[in-house]
Amino acid sequence: VEKKELLYEGKAKRVYRTNDENIVWIEYKDSATAFNGEKKAEIAGKGRLNNEITSLLFSKLKENDIESHFLKKVSETEQLVKRVNIIPLEVIVRNFAAGSFSKRLGVEEGKKLNYPLVEFCLKNDDLGDPLVTDDQIDVLEIATKDDVSSLKDRAKEVNQVLTGFFQEIGVRLIDFKLEFGKDLEGNILLADEVSPDTCRLWDIETNEKLDKDVFRRDLGDLNNAYETILGRLGGPTHV
Ligand code: C5P
Numbered sequence: 022v023e024k025k026e027l028l029y030e031g032k033a034k035r036v037y038r039t040n041d042e043n044i045v046w047i048e049y050k051d052s053a054t055a056f057n058g059e060k061k062a063e064i065a066g067k068g069r070l071n072n073e074i075t076s077l078l079f080s081k082l083k084e085n086d087i088e089s090h091f092l093k094k095v096s097e098t099e100q101l102v103k104r105v106n107i108i109p110l111e112v113i114v115r116n117f118a119a120g121s122f123s124k125r126l127g128v129e130e131g132k133k134l135n136y137p138l139v140e141f142c143l144k145n146d147d148l149g150d151p152l153v154t155d156d157q158i159d160v161l162e163i164a165t166k167d168d169v170s171s172l173k174d175r176a177k178e179v180n181q182v183l184t185g186f187f188q189e190i191g192v193r194l195i196d197f198k199l200e201f202g203k204d205l206e207g208n209i210l211l212a213d214e215v216s217p218d219t220c221r222l223w224d225i226e227t228n229e230k231l232d233k234d235v236f237r238r239d240l241g242d243l244n245n246a247y248e249t250i251l252g253r254l255g256g257p258t259h260v
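The sequence shown begins at 22 in the UniProt record's numbering and counts up one residue at a time.
Printed below as a string of structure tokens:
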């Protein structure tokens, strides 16, 4: 597969066309952003860490019968994925209260929820990715009721499997964000990334934060936290 021209540049990744119309080439950038792009930094090595971690997690999900767009890691910072049309929803799963849930609803961070909660946000930077209800998604024709219900089921399956992986390495999966797309045949496929940029990961013993909150809240060295996750997952760590 050959890398062709840039199709799209996001906050954390660049997407290139390839000579195969079913495959796109993703490059993970060293940029860190938070609060809808208000806080920004370049962190050398972050692109490699997220590419390695996402590649590992998508491969492990596949071993557990959870398909995704991921095809192959092609370099430390690049991977090939199946081309999909992204459904413009952020599918958020929460096992413990944290972040915007805690802030909006006044619930202490770290409180275990009675069951995994699935929320949807509209993927729209201008609007600040607002929370949307199932009916709002339906009435705006963002996705059908059937699609919404299958996104919820899929997100919960991913949660079960991921919770298990992280538990094995002494990490609590607090919450995370998924994105799904539709392939050329219209099948819904897990897409985007699963990394410490998109998950809240706390050490089970110490509650140390090993995710992007380290950057959002200035808690220390982001690369250290991400290297810890990659190392525990058995990935190729540097230093
Ligand atoms: O900020 P909030 O508490 O709603 O985030 C829930 C989860 O979704 C966190 O793990 C966060 O990292 C992730 N998220 C994301 N991208 C966004 C919003 C949230 O990866 N745009």
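Using N, Cα and C, we set each Cβ at its ideal position, and we do this for glycine too.
In this text, all values refer to a predicted model and were calculated from it rather than measured experimentally.
DSSP three-state assignment for residue i, whether helix, strand or coil
i           : result
residue 56  : coil
residue 48  : strand
residue 158 : helix
residue 6   : Since the first residue of the chain shown is 22 and the last is 260, residue 6 is not available in this structure.
residue 106 : strand
residue 144 : coil
residue 23  : coil
residue 249 : helix
residue 39  : strand
residue 112 : strand
residue 61  : strand
residue 314 : It is not possible to answer for residue 314, since the shown part of the chain is limited to 22 through 260.
residue 81  : helix
residue 32  : coil
residue 99  : strand
residue 92  : strand
residue 152 : strand
Counted within 10 angstroms of its Cβ, other Cβ atoms place residue i as buried (16 or more) or exposed
i           : result
residue 90  : buried
residue 170 : exposed
residue 206 : exposed
residue 27  : exposed
residue 233 : buried
residue 80  : exposed
residue 56  : exposed
residue 218 : buried
residue 198 : buried
residue 100 : buried
residue 62  : exposed
residue 68  : buried
residue 118 : buried
residue 247 : buried
residue 93  : exposed
residue 108 : buried
residue 65  : exposed
residue 129 : exposed
residue 73  : buried
Supposed contact pair residue j and residue i - C-beta distance, whole angstroms, cut 8 Å
i           : j           : result
residue 176 : residue 102 : So it is not a contact: roughly 19 Å between Cβ atoms.
residue 34  : residue 50  : 6 Å
residue 201 : residue 195 : Wrong, their Cβ atoms sit about 21 Å apart, outside the cutoff.
residue 116 : residue 134 : 6 Å
residue 98  : residue 48  : 6 Å
residue 231 : residue 223 : 7 Å
Chain B within 7 Å of residue i, Cβ atoms only
i           : result
residue 198 : The displayed structure is made up of one protein chain only, and chain B is not part of it.
Which residue spans inside the region 171–234 form an unbroken alpha helix (DSSP H) run of at least 4? none
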